[in-house]
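**Q** Residues 11 to 410 in our numbering are what the sequence shown lists, from first letter to last.
Positions of the beta carbon are idealized from the N, C-alpha and C atoms, including for glycine.
Predicted model only: the values in this text are computed from it and were never measured.
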Amino acid sequence: MNEKYRFLKGALCGALAMLCIVTAVNGIRGTVASAVPQLSAIGEEGEEEGFSEEKLKRIRAVIDSVYLREDEIDDSALTEGMYEGYVRALGDPYSVYYTEEEAEELMQGISGEYSGIGAGLSQSYETKIVTITNVFRDSPAEEAGLKSGDILYQVDDHEITDEDLNQVVAWIKGEEGTKVTLHVIRGSEEKEITAVRRIVKAQTVEYEMKDSQVGYIRVTEFDSVTYEQFKAALAELDGKGMKGLVIDLRSNPGGDLDTVLDMLRLILPKGTIISTENKDGKEEEYTCDGKQEFDRPLAVLVNGYSASASEIFSGAVQDYEKGKIVGTTTYGKGVVQEIISLLDGSYIKVTTSEYFLPSGRSINEAGITPDVEVEYEPNEEDEEADNQLDKALEVIREEL
Numbered sequence: 011m012n013e014k015y016r017f018l019k020g021a022l023c024g025a026l027a028m029l030c031i032v033t034a035v036n037g038i039r040g041t042v043a044s045a046v047p048q049l050s051a052i053g054e055e056g057e058e059e060g061f062s063e064e065k066l067k068r069i070r071a072v073i074d075s076v077y078l079r080e081d082e083i084d085d086s087a088l089t090e091g092m093y094e095g096y097v098r099a100l101g102d103p104y105s106v107y108y109t110e111e112e113a114e115e116l117m118q119g120i121s122g123e124y125s126g127i128g129a130g131l132s133q134s135y136e137t138k139i140v141t142i143t144n145v146f147r148d149s150p151a152e153e154a155g156l157k158s159g160d161i162l163y164q165v166d167d168h169e170i171t172d173e174d175l176n177q178v179v180a181w182i183k184g185e186e187g188t189k190v191t192l193h194v195i196r197g198s199e200e201k202e203i204t205a206v207r208r209i210v211k212a213q214t215v216e217y218e219m220k221d222s223q224v225g226y227i228r229v230t231e232f233d234s235v236t237y238e239q240f241k242a243a244l245a246e247l248d249g250k251g252m253k254g255l256v257i258d259l260r261s262n263p264g265g266d267l268d269t270v271l272d273m274l275r276l277i278l279p280k281g282t283i284i285s286t287e288n289k290d291g292k293e294e295e296y297t298c299d300g301k302q303e304f305d306r307p308l309a310v311l312v313n314g315y316s317a318s319a320s321e322i323f324s325g326a327v328q329d330y331e332k333g334k335i336v337g338t339t340t341y342g343k344g345v346v347q348e349i350i351s352l353l354d355g356s357y358i359k360v361t362t363s364e365y366f367l368p369s370g371r372s373i374n375e376a377g378i379t380p381d382v383e384v385e386y387e388p389n390e391e392d393e394e395a396d397n398q399l400d401k402a403l404e405v406i407r408e409e410l
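(1) Where does the unbroken beta strand (DSSP E) through residue 108 begin, and where does it stop?
(2) Kindly provide the ranges of any alpha helix (DSSP H) runs that are 4 or more residues long and lie completely inside the region 371–406, ordered along the chain.
(3) Please classify residue 366: does DSSP put it in a helix, a strand, or coil?
(4) Going along the chain, which residues of its own chain have a beta-carbon closer than 6 Å to the beta-carbon of residue 145, five neighbours each way excluded?
(5) For residue 258, report the span of its beta strand (DSSP E) as first-last.
(6) For the alpha helix (DSSP H) containing residue 95, name the first residue and the last one.
(7) Short of 8 Å in beta carbon distance, which residues of its chain neighbour residue 358, apart from the five on each side in sequence? Order them along the chain.
(8) Below 8 Å, can you find three or more Cβ-Cβ pairs linking the region 209–222 to the region 282–300?
(9) Can you say whether residue 61 is buried or exposed, counting buried as having 16 or more other CB atoms within 10 angstroms of its CB?
(10) Measuring CB to CB, does residue 165 end up less than 7 Å from residue 192?
(11) Quick one: what's got a C-beta closer than 6 Å to residue 227's C-beta in the same chain, skipping five residues either side?
(12) The beta strand (DSSP E) that contains residue 60, what's its start and end?
(13) Could you tell me whether the Cβ atoms of residue 429 and residue 269 are closer together than 7 Å?
(14) Sort out for me which residues DSSP pairs residue 146 with in a bridge.
(15) What residue does the alpha helix (DSSP H) around residue 327 start on, and which one ends it?
(16) Give me the Cα-Cα distance between residue 202 and residue 138, rounded to the nearest whole angstrom.
(17) Could you check what DSSP says for residue 241 in three-state terms: helix, strand or coil?
(18) So, at 6 Å on beta carbons, what are the nonlocal neighbours of residue 52 in its own chain, with the 5 sequence-adjacent residues on each side left out?
(19) Name the one or two DSSP bridge partners that residue 201 has.
(20) Measure from the alpha carbon of residue 407 to the alpha carbon of each residue in 185, 393, 333 and 275, then state which is nearest.
(21) Are residue 324 and residue 335 touching if we call contact CB-CB under 7 Å?
(22) Would you please state the rounded distance, in angstroms, between the beta carbons of residue 182 and residue 126? I believe it to be under 8 Å.
(23) Measuring alpha carbon to alpha carbon, tell me which of 314, 288, 174 and 369 ends up nearest residue 361.
(24) Rank 209, 382 and 248 by C-alpha distance to the C-alpha of residue 123 and give the top, closest one.
(25) DSSP state of residue 409, grouped into three classes?
(26) Are residue 331 and residue 344 closer than 7 Å when you measure CB to CB?
(27) So, for residue 389: in the same chain, excluding its five sequence neighbours on each side, which residues have a beta-carbon less than 6 Å away from its beta-carbon?
(28) Would you say residue 251 and residue 410 are within 7 Å of each other, going by their C-beta atoms?
(29) Could you check what DSSP says for residue 312 in three-state terms: helix, strand or coil?
(30) With DSSP as the reference, please indicate the residues paired to residue 219 in a beta bridge.
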């Protein structure tokens with residue numbers, strides 16, 4: 011569990027398939043229409059930087075002349091692969107090219123409603139291991155027996171080798187009412203789990219009162235539906251007499267920047283939430299008016315899989331001393347992406363800026379160090395036992 015996973019997005023509320031491209035996964039800002047007029051100029055500058063149309067023609071000529079399986083050539087796949095490889099060659103794991111089909115799924119993801127099995131996925135860029143990070147309540151995934159922490163190695167007849175998460179998601183997605191079989195490793199056991207796809211609305215927030223005084227909210231991602239769900243959870247817990255609160259962001263890979271900013275405006279005092287700086291040194295500041303400041307003891311649970319927007323949330327709470335951060339050091343993703351239309355239905359997600367917390371610190375490749383460090387200790391005798399949560403509850407109760 012020490013390996014740090016780079017989350018492409020998880021929350022595949024549809025076919026375990028939210029793709030990793032929900033409005034703004036990992037600090038993505040969303041489609042940038044204003045960037046469109048700049049594309050022709052950018053392209054003109056790039057044409058003289060080593061690209062050779064003649065070389066590309068020679069490569070194609072070699073393929074047409076001697077490639078053994080010429081009848082299997084997919085011209086569209088070759089073209090899309092070229093674009094994908096061009097962006098991948100940046101060496102930036104957060105910059106991605108999306109085909110028109112993938113972009114359509116991206117836009118579908120923004121709605122927070124999908125045809126799938128209702129679970130979240132993450133993938134390690136280093137090992138390509140795909141892990142189930144979240145299973146929605148009352149979802150096909152839960153009904154079929156899928157569990158958070160399961161390692162996915164095969165979907166139907168497709169073995170997962172070096173495919174990226176987009177491809178895995180494509181295998182899992184499907185029409186409502188159809189079946190998909192997932193082959194997973196759970197501990198030392200291999201399991202075959204079949205789920206029936208259906209329309210699932212993203213459940214990004216779960217909440218309950220842990221006792222008569224302490225409320226608990228788990229946020230699995232920062233999606234377009236998350237703010238309203240979070241706000242409703244706060245109101246519900248307030249109505250039940252909540253005097254202290256634990257917010258659980260463990261294994262939350264991030265999400266929409268605007269969403270986490272709006273949520274923090276329900277927590278923070280007046281002041282800066284974050285600031286960003288682009289490659290030209292241009293800074294942008296995002297602020298809070300403090301009119302809805304949370305005024306009770308607060309603890310935020312995090313771990314090494316808490317990334318991006320989760321780190322904005324926990325880092326801002328820590329900088330303003332609004333609550334205690336409990337758990338283990340977070341992932342360390344302190345950069346923001348924008349999704350830009352390429353005018354033909356395809357899109358590019360590209361890293362455009364670095365963000366800084368209220369204190370001015372960057373957490374990129376460093377993460378948030380908890381105020382109270384607690385390693386998770388699995389309990390084989392009691393699967394419901396959670397020593398990290400127990401510690402967070404203890405922190406709150408000491409302040410009541």
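**A** Judging by the given coordinates:
(1) 106–108
(2) none
(3) strand
(4) 129, 151, 152, 156 and 158
(5) 254–258
(6) 85–98
(7) 97, 105, 106, 107, 108, 349, 350 and 352
(8) no
(9) exposed
(10) yes
(11) 217, 243 and 257
(12) Where residue 60 is concerned, there is no enclosing beta strand (DSSP E), given that its DSSP letter is neither H nor E.
(13) The structure shown does not extend to residue 429, since the chain spans only 11 to 410, so no value can be given for it.
(14) In the DSSP output, where bridge partners are listed per residue, residue 146 has none listed.
(15) 319–329
(16) 20 Å
(17) helix
(18) Because residue 52 carries a pLDDT of 47, less than 50, the predicted location of this residue cannot be relied on, and the following value inherits that uncertainty. Excluding sequence neighbours, residue 52 sits near nothing in its chain.
(19) 194
(20) 333
(21) yes
(22) 7 Å
(23) 288
(24) 209
(25) helix
(26) no
(27) 395
(28) no
(29) strand
(30) 225
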